[in-house]
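The listed protein sequences correspond, in order, to chains B and V.
Going left to right, the first sequence walks through residues 50 to 469 as the working numbering numbers them.
Going left to right, the second sequence walks through residues 50 to 469 as the working numbering numbers them.
Below: the structure, in structure tokens.
There are 2 protein chains.
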Amino acid sequence: MTRPRQHVVIIGAGFGGLAAAQSLARADVDITLIDGRNHHLFQPLLYQVATAGLSPADIAAPIRSILRNQANVRVILDTVVGVDRAARRVRLADGQPIGYDRLIVATGAQHSYFGNSDWASHAPGLKTIDDATAVRRKVLLALERAESETDPDIRHALLTFVVIGGGPTGVEMAGAIAELTRRSVSQDFRSITPHCSRVLLVEAGPRLLNSFPEPLAAKALAAVAELGVTVLLGKKIEAISDRFVDVGGIRIPCHSVVWAAGVQASPAAAWLEAAADPAGRVLVNDDLTLPGHPEIQVIGDTAAFIGTDGKSLPGVAPVAKQQGQHAARSIATGRPTPFRYRNHGNLATIGRHRAVIDFGRVQLSGVLAWLLWCTAHIYFLVGFRNRLDVGVRWLWSYLTFERSARLITGPTTKLHGEQP
Amino acid sequence: MTRPRQHVVIIGAGFGGLAAAQSLARADVDITLIDGRNHHLFQPLLYQVATAGLSPADIAAPIRSILRNQANVRVILDTVVGVDRAARRVRLADGQPIGYDRLIVATGAQHSYFGNSDWASHAPGLKTIDDATAVRRKVLLALERAESETDPDIRHALLTFVVIGGGPTGVEMAGAIAELTRRSVSQDFRSITPHCSRVLLVEAGPRLLNSFPEPLAAKALAAVAELGVTVLLGKKIEAISDRFVDVGGIRIPCHSVVWAAGVQASPAAAWLEAAADPAGRVLVNDDLTLPGHPEIQVIGDTAAFIGTDGKSLPGVAPVAKQQGQHAARSIATGRPTPFRYRNHGNLATIGRHRAVIDFGRVQLSGVLAWLLWCTAHIYFLVGFRNRLDVGVRWLWSYLTFERSARLITGPTTKLHGEQP
């Protein structure tokens, strides 16, 4: 007698969930992959969409297409609203509940405004394509309004861009905004010049990139400064409105603020009635299972997993991918084993030809690091066409400083009416 | 004594307005180009964005970038709300009024629902990038919902796509939707198969492409039929809702309707207090000036210009371009002359390897026509990068049937809640 075919339900088609599904390709299971969006998003390049370097379709691919040839997967576009652990069922916003034998929760993280939820509307973060096009619209509209503004104070405020958070995302955003506003568009406007615009990067801690070694953080600081970014360290945000940001007792008039300061896990802990760390991440066993529920595994940004150094693993793509593969393996083999993270290196890029990479023993910075970063990111992009396209596009924009995706789409009229 | 430098104001940066601005590059004038959007849009390919073949940035370029090196142009992002003919000033929604010596009105056309303005929300048309991504969202979401729908009647309705209007846009949309829903995605879904989906093309007149010769229209009809499109001729739309379309006394349950049936000119006639034809187009003199106002010219879809055959010129890009160039020439030389349209050919494409072209004496159809159409469209695309990119992308999607831009973005949650 063969045992009955198991039904594996995976919630979330980010790096973790997708890796889990793909790793189960040859396993004797039926898989249902549920996501609230129809596309897998290559989040590390989202800041390029926000700063008009790439188009949304360059960094996103339909989940169905990616898994087209994997016959044991069914993809469902729906929003999960809860998990019934006793009945082993996932509840959906639109469709019928779905039963599972094994469940992998890979729902990622969302922004955390540290209790100031009203900041969200003034300082969008970067998690989805709609977030990125919203930031792009905000930045490009500020330039447009500055071009026709005659009051020098208002113009100065329109040309002040504030990025909050000095981690990799904040550093990348600040560098890219500086290049966009100070260099790429400089010949396109008649009234504003590159020297008018100001990009501030605000970090509450004592230095940038606190997950990197100190020398690389210092190099990153020098590199963003050279691009024209003003870095404010050890400064806390006190207030954000659509006209100003209050930082360390100083009011900075500005219209474009981007949030890259904090994330919290999705509400998975509540669905699972599970213990969570202060960032909302579910506390898991060393084999990624939920305590008391060997049939449930939690991976990626949704899980709080303590690494060999005693610290929680960072919320980056490689952790999610490896955990997805690990969860799949323990399902396929039926033998849960402890997860161990293999850190292949930590990267952050600054502007169009600088990056810092921490390989542990070896540290790299400058142009060589940037080239390595480019190669790695193009390589890991999903789908051959995107790789080719993004390669061509980057080469082109590197050679010309052109920002090809400088489109203002969406509710322009509303933003337009919002006079300074 | 030199005469004072004239100030030319151009409203609209479509094919007409942009051509006028570019043709005045060497003229001794100052130009202000006003548009409500920051990008020039290559409208003939908008249906490709709506059917996920191209990304918005492939067919749109920032107006500022296009005119970057033309020192005598200033670009303003603003919405025109009126024209004060006596004071020779243009009134803006946000900015100060702008005076002019010469005015070129090139504001294009918008959809006309023949008095049924409530149809607009159920049957979006194709004029802007936001229109196109809205149609894309609608079509892709219908497929997603059909995949998880168990009621066969509702599934059938979700997989029924209706295109209203048998002109070039309608034919192109119907062909592209048929390829998307019946071929490109056929391997991506588990429950729905290509045979489930149905594309209807509804035309009130007796045949498709009524601006083309009869033999070409017949070829177009055969070509769309081969792609699986059902063509309903001589059928009028009686009602449109979010659940059905009433056509010629029959109720067709469906969730995705695209409007390609009628346009009307922008409100320019009202601004100018000018006489207009029933489609709202301003009646102009043979030199494109407004009767009684030699300082005002109206061009493109905004103007009703009677051609040599006694009929109004069609609302296509070549007419707008040539009129823009003509208007510029009469300003530059100071000598108004009658405008004559040089028709270089009329094109429509059907699916991924068919087209019909009417050169007057010569008529072309099939694959050769399609290749010519591709070449012409890539050639006329604004900006070198876009040409290269779109070329690569088309070649790729031609070889693989891949639809790379299959992203559902925007207010998914809302559409998601709209249960059948």
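Don't be surprised by glycine CBs; every beta carbon is placed ideally from N, CA and C.
Query, Result
"7 Å Cβ cut-off: residues of chain B touching T458 (chain V)", "P105, I178 and D179"
"Nearest-angstrom beta carbon gap, A106 (chain V) and A454 (chain B) [assumed within contact, 8 Å]", "4 Å"
"DSSP beta-bridge partners of Q412 (chain V)", "V:D407"
"Continuous alpha helix (DSSP H) assignments of at least 4 residues falling wholly in the stretch 129-204 of chain B", "178-197"
"Range of the contiguous alpha helix (DSSP H) that encloses A70 (chain B)", "F64 to S72"
"Sufficient close CB pairs (3 or more, under 8 Å) joining the stretch 213-230 of chain V to the stretch 303-313 of chain V", "yes"
"First and last residue of the uninterrupted alpha helix (DSSP H) at H375 (chain V)", "A366 to T382"
"Extent of the continuous alpha helix (DSSP H) run through A532 (chain B)", "It is not possible to answer for residue 532 (chain B), since the shown part of chain B is limited to 50 through 469."
"Where A109 (chain V) falls: helix, strand or coil (DSSP)", "strand"
"Cβ-based neighbour list, G144 (chain V), same chain, cut-off 6 Å, excluding 5 preceding and 5 following", "D127"
"Other residues of its chain near G65 (chain V): CB distance less than 7 Å, five sequence neighbours each side excluded", "A155, I348, G349, A369, K370, Q372 and G373"
"Per-residue burial, F354 (chain B) [other beta carbons within 10 Å of its own, 16 or more giving buried]", "buried"
"First through last residue of the beta strand (DSSP E) which encompasses E344 (chain V)", "H342 to V347"
"7 Å CB neighbourhood of H88 (chain B) in its chain, flanking five on each side removed", "A109, A110, P111 and I112"
"Straight-line gap, G409 (chain V) to G394 (chain V) (C-alpha atoms, nearest Å)", "7 Å"
"DSSP beta-bridge partners of Q55 (chain B)", "B:V78"
"Proximal residues of chain B, C-beta to C-beta of I345 (chain V) below 8 Å", "Here the premise fails: no neighbours, minimum Cβ distance about 23 Å."
"Assigned secondary structure, L220 (chain V) (DSSP; H/G/I helix, E/B strand, else coil)", "The amino acid at residue 220 (chain V) is misidentified as Leu; the sequence shows Val. V220 (chain V) falls in the helix class under three-state DSSP."
"Burial state of H244 (chain V) (16 or more Cβ within 10 Å)", "exposed"
"Proximity to H56 (chain V) [Cα-Cα], best of V:S104, V:F91, V:V122 and V:S72", "V:V122"
"Outcome for E275 (chain B) when other beta-carbon atoms lying within 10 angstroms are tallied against a minimum of 16", "exposed"
"Three-state secondary structure (DSSP) of A454 (chain V)", "coil"
"Own chain partners of R204 (chain B) with C-beta closer than 6 Å, once the 5 adjacent residues on each side are dropped", "A195 and E198"
"Spatially closest choice to H375 (chain V) from V:I399, V:Y96, V:F388 and V:V278, by CA coordinates", "V:F388"
"CA-to-CA distance, S161 (chain B) to T218 (chain V), given in whole angstroms", "45 Å"
"Three-way DSSP call (helix, strand, coil) for D295 (chain V) in this model", "strand"
"Proximity to E344 (chain V) [Cα-Cα], best of V:S379, V:E228 and V:P367", "V:S379"
"Beta-carbon proximity of E384 (chain V) to E228 (chain V), cut-off 8 Å", "It is worth fixing the name first, because residue 384 (chain V) is Arg in this sequence and not Glu. No. Outside cutoff."
"Segment limits, beta strand (DSSP E) that includes V211 (chain B)", "T209 to I213"
"For R138 (chain V), the nearest candidate out of V:T81, V:S414, V:L95 and V:A99 (CA to CA)", "V:T81"
"V248 (chain B) and V220 (chain B) closer than 8 Å at C-beta", "no"
"Partner residues on chain V for F261 (chain B), Cβ-Cβ distance less than 7 Å", "Within chain V, no residue comes near F261 (chain B); the closest Cβ sits about 33 Å away, beyond 7 Å."
"Segments of 3+ residues assigned as beta strand (DSSP E) that fall wholly inside the stretch 221-284 of chain B", "247-252 and 278-282"
"Burial state of D407 (chain V) (16 or more Cβ within 10 Å)", "buried"
"Proximal residues to P53 (chain B) (C-beta, below 7 Å), its chain only, five neighbours per side dropped", "none"
"Closest Cα partner of L40 (chain B) within the set B:S246, B:A324, B:I153 and B:K284", "Missing from the structure shown is residue 40 (chain B); chain B here goes from 50 to 469 and no further."
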